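I have placed the structure first, in the form of structure tokens, so that the comments after it can refer back to it.
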Amino acid sequence: MSTAEQFTSGAAPAADLSLAMYRDMATIRCFEEQVNELYRGAKMPGLAHLYNGEEAVAVGVCSALRRDDYITSTHRGHGHCLAKGADVALMFAELLGREPGYCRGKGGSMHIADHANGNLGANAIVGGSTGIATGAAFSAKRRGTDQVAVCFFGDGALGQGLLYEVMNMASLWRLPVIYVCENNLYNEYTHYLESTAGSILDRPKAFGIESREVDGQDVRAVHAVTSELVTRARNGEGPAFLLCNTYRYHGHHVGDVDRGYYRSKDEEQLWLSERDPLVLHGRWLREQGLADDDALRAIDDEVRAVVERGAAFALDAPFPEPGEVTEDVFA
Amino acid sequence: MSSPSVTAPEALREITLAQAINEALAEELRRDDTVFVIGEDVAEAGTPFKVLSGLVEEFGTERILDSPISEAGITGLGVGAAMTGMRPVVDIMFGDFLTLVMDQLANQAAKAHYMSGGKLRVPLVLRTTLGATRRSAAQHSQSLQAWVAHIPGLKVVLPSTPYDAKGLLKSAIRDDNPVVFIEDKMDWRVKGVVPVGEYLIPFGVADVKRAGDDVTLVGTSSMVSICLAAAEILAVEGISAEVVDPRTLSPLDTKALIDSAAKTGRAIVVDEGHRSYGVTAELAAVIAEGAFHHLDAPVRRLGALDVPVPFSPTLEDETVPTVELVAAAARELCGRA
């Protein structure tokens, strides 16, 4: 079954969507590189978990969603947030703990929520948002809308019981939720094969959930399979599970720089040189005649300018007043 | 169930605490289409305690939803539904199972509003229970209100009468915050006067259940009736006890506790949770800090023994504060021991 379920780029998406997906992936890549610089320059409090390498998953999935569809995200959530429509400058402001940030400096990197774009929040508890996404799907169905909810989580969340409790309910009640597992191979510093018994897809299948696997470095393939699963969910055909095979270029977080004890430089180099989602999609755009080198470079430059402006805005933005610490405990 | 007769004067209508809960839910389900109840055996069974009997007949299985035995899952689902326009009432059969929902409650529900800088709201009610002496042993008898009251972002409600239970539950369902509503299993059959018409009881307002001058007895939930019974005994002995019920632990009506203790000069706090690091410690500290210069004696605390709740009746009865223990503490505090 697994080869039949392995989606590859099928029908080509429209030209403008293809270019938009490139731009969105480039934005995430550039944003994350800037975050790493801010960290290394000691300008960012705390830590961040970078999404470089996994861009095609967030962009492929979110480009198949409407603005009013919901997502829940993870500690490695910048990519999901941007792909769902968040503003670069307001995200930087939150990462730096500044007043104009998405959470007025109360959330930081691991808790950005952007309700206006359907983002119900990143979550620093592994698997912690699986209930929230399932509840949002329950709510959509109960309110009679055709919204869907996407639950992003990593291979590490496969170890959490909550996921299985809510997948059971999602299947029982045919909820419009899509569980998107980003398998970047590592549960923090441990290879997923050391922590994950049996077949990943057999788990959702046991609940009778439509289960697919896709090359998570192929943004068009991710978009195509997600579109299909979203249509199913909107039509009341129930939940789905999408396993996206991908790779995390950086360490678990920005400070995880000596990684030799859990993965090899050769492995990292192989993904970077052979499987980079931006390179792969850029090559395809050129082959299709949708963009030439100059056009792609123009997008890269434009994106870089947006990111640099956003970071500058955040660095200049004020911190919250200390007195705000007691605000928003209760609604 | 109470008689549907409309000829009885309102003031004379008495219903049980379970019926008061049932009425509050029914009224809010009727009033607001976004309210729904989810839990194990809440529908046709009406819970093992029959507290929810009749609701599924009126509101259907879409709104009175039997769930798998997945406490964390239904609480998480409730958080997501609450963030997106619904008002879930999650039924957690025994308070002991709070341990199973704690991440969803403490890390998700309680923090979403704050972490999002005020953008997300979680109008969720989690109904559960407390209390020993049902011979249910260590995993079905705990009173874990201190666990949830410790977490900023959660409101914690402990009704002690049918009247309070109904008015507080209706307020809980309309609140835009996560509310943990804890009922004493032994109180479900207790009857009390409840008006027929609609009313709400605001959070953070304590109720003086009995006025007195010599000693303040602060009781929560199951311990309010214990304090009232002790006050009866003390009255015969010439000690006038005031009984104060905070009704909500979060928010807490600190002024009412301090004012009463300042008036009587002596205070005993009684809660069925374990004594160590428990609710009584917090309430006693509030009184000690706020009424220190008016106190004639140190604040006394009575809570459950610091042991797992045992099964055998002779052992279990040793673990909880009793009327006689409260009365004895009051006599001692008043120099009548």
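Protein chains in written order, with my numbering: chain A, 12 to 342; chain B, 19 to 355. Just so it is clear, CB atoms sit at the ideal spot from N, CA and C, and this is done for glycine as well. No experiment lies behind these values; they were computed from the predicted model shown.
Continuous alpha helix (DSSP H) stretch holding residue i: start and end
i	result
T93 (chain B)	E89 to M101
V290 (chain A)	P288 to E298
T38 (chain A)	A26 to R51
I251 (chain B)	S240 to V254
Y132 (chain B)	A130 to M133
L275 (chain B)	T272 to T282
I310 (chain A)	D304 to D327
D84 (chain B)	Unbroken run through D84 (chain B) is the beta strand (DSSP E), I82 to D84; no alpha helix (DSSP H).
Residue of the options minimising C-alpha distance to residue i
i	options	result
P339 (chain B)	B:V287, B:I305, B:R349 and B:P328	B:V287
F118 (chain A)	A:N128, A:A127, A:G129 and A:N134	Note that residue 118 (chain A) is Gly in the sequence shown here, rather than Phe. Comparing Cα-Cα distances from G118 (chain A) to each of A:N128, A:A127, A:G129 and A:N134, the minimum goes to A:N134.
V241 (chain A)	A:K152, A:I189 and A:S182	A:I189
S243 (chain B)	B:E290, B:C352, B:V143 and B:F77	B:E290
G262 (chain A)	A:Y200, A:E110, A:G300 and A:A53	A:Y200
M204 (chain B)	B:R49, B:E32 and B:F67	B:F67
P326 (chain B)	B:C352, B:V223, B:R293 and B:D314	B:R293
E332 (chain A)	A:T145, A:F42, A:G116 and A:A26	A:G116
A285 (chain B)	B:C352, B:S240 and B:A100	B:C352
I92 (chain B)	A:E278, A:N63, A:E176 and A:L283	A:E176
R319 (chain B)	B:V166, B:L123, B:E300 and B:V198	B:E300
A274 (chain B)	B:E255, B:V254, B:G308 and B:M241	B:G308
R243 (chain A)	A:G57, A:I136 and A:P187	A:P187
T337 (chain B)	B:V344, B:D324 and B:A347	B:D324
T145 (chain A)	B:H168, B:M241, B:I110 and B:V97	B:V97
T1 (chain A)	A:Y113, A:D125, A:P111 and A:F103	No information on residue 1 (chain A) is available, as it lies outside the stretch 12 to 342 that chain A covers here.
A99 (chain B)	B:A322, B:I56, B:A280 and B:Y132	B:I56
Q171 (chain A)	A:A59, A:G138 and A:E110	A:G138
D166 (chain A)	A:W184, A:V159, A:S140 and A:L196	A:L196
M36 (chain A)	A:V68, A:M55, A:L58 and A:G52	A:V68
A8 (chain A)	A:S182, A:D277, A:V159 and A:H202	Shown here, chain A extends from 12 to 342; a query on residue 8 (chain A) therefore has no answer.
R274 (chain A)	A:C114, A:Y260 and A:N130	A:Y260
M178 (chain A)	B:E46, B:T332 and B:G94	B:G94
E338 (chain A)	B:D182, B:S134 and B:T34	B:S134
I220 (chain A)	A:N246, A:F252 and A:H202	A:F252
V191 (chain A)	A:G88, A:I39 and A:L49	A:G88
L123 (chain B)	B:F199, B:T102 and B:K184	B:F199
F42 (chain A)	A:A328, A:V336 and A:E319	A:E319
E45 (chain B)	B:P269, B:R265, B:I251 and B:K184	B:K184
Cβ separation of residue i and residue j, assumed to be a contact under 8 Å, to the nearest whole Å
i	j	result
P86 (chain B)	M180 (chain A)	6 Å
H342 (chain A)	N195 (chain B)	Sequence check: residue 342 (chain A) is Ala here, not His. The pair is a contact, with the Cβ atoms about 5 Å apart (cut-off 8 Å).
D271 (chain B)	V236 (chain B)	Wrong, their Cβ atoms sit about 11 Å apart, outside the cutoff.
T234 (chain B)	T282 (chain B)	5 Å
G171 (chain B)	Y132 (chain B)	6 Å
A90 (chain B)	V119 (chain B)	5 Å
Q158 (chain A)	D226 (chain A)	Not a contact, Cβ separation roughly 27 Å.
E205 (chain A)	T257 (chain A)	Between T257 (chain A) and E205 (chain A) the Cβ distance is about 18 Å, and since that is not below 8 Å, they are no contact.
S227 (chain B)	A42 (chain B)	The sequence as given places Lys at residue 227 (chain B); Ser does not occur at that position. With 8 Å as the limit, K227 (chain B) and A42 (chain B) do not qualify as a contact, their Cβ atoms being about 20 Å apart.
F164 (chain A)	H91 (chain A)	11 Å between Cβ atoms; not a contact.
E240 (chain B)	L148 (chain B)	Correcting the residue identity first, residue 240 (chain B) is Ser in this sequence and not Glu. S240 (chain B) to L148 (chain B), Cβ: 7 Å. Contact.
D303 (chain A)	R294 (chain A)	That pair is no contact at about 12 Å.
E260 (chain B)	A229 (chain B)	6 Å
Extent of the continuous beta strand (DSSP E) to which residue i belongs
i	result
R228 (chain B)	D225 to R228
N256 (chain A)	A251 to N256
I286 (chain B)	A285 to H292
S268 (chain B)	T266 to S268
R319 (chain B)	R318 to A322
D267 (chain A)	First-last for D267 (chain A): undefined, no H or E at that position.
P106 (chain B)	R105 to D109
L301 (chain B)	Looking at the DSSP string, L301 (chain B) is not in any beta strand (DSSP E); the run it does join, the alpha helix (DSSP H), is V297 to A309.
S222 (chain A)	E221 to D226
G237 (chain B)	V233 to G237
D263 (chain B)	A259 to D263
T85 (chain A)	T85 (chain A) -> no beta strand (DSSP E), and no H or E assigned at all.
L148 (chain B)	V143 to L148
Three-pair Cβ contact test at 8 Å for the stretch 236-248 of chain A versus the stretch 70-78 of chain A | yes
Are the stretch 162-182 of chain B and the stretch 322-329 of chain A touching by the rule of at least three beta carbon pairs closer than 8 Å?
-> no
How about the stretch 70-84 of chain B and the stretch 87-96 of chain A: do they share at least three Cβ pairs that are nearer than 8 Å?
-> no
On the three-pair Cβ rule with 8 Å, is the stretch 203-214 of chain A touching the stretch 264-283 of chain A?
-> no
Which ranges would you report for the beta strand (DSSP E) in the stretch 131-192 of chain A if only whole runs of at least 3 residues count?
-> 160-165
Say whether the stretch 304-314 of chain B touches the stretch 132-143 of chain B, bearing in mind that this needs 3 or more beta-carbon pairs closer than 8 Å, one atom from each stretch.
-> no
Runs of beta strand (DSSP E) wholly within the stretch 157-229 of chain B (minimum 3 residues, chain order) | 173-175, 197-202, 209-211 and 225-228
Contact between the stretch 149-164 of chain A and the stretch 101-109 of chain A: three or more CB pairs below 8 Å?
-> no
Does the count of Cβ pairs from the stretch 113-130 of chain B and the stretch 155-168 of chain B closer than 8 Å reach three?
-> yes
What runs of the beta strand (DSSP E), each 3 residues or longer, lie entirely inside the stretch 38-75 of chain B?
-> 53-57
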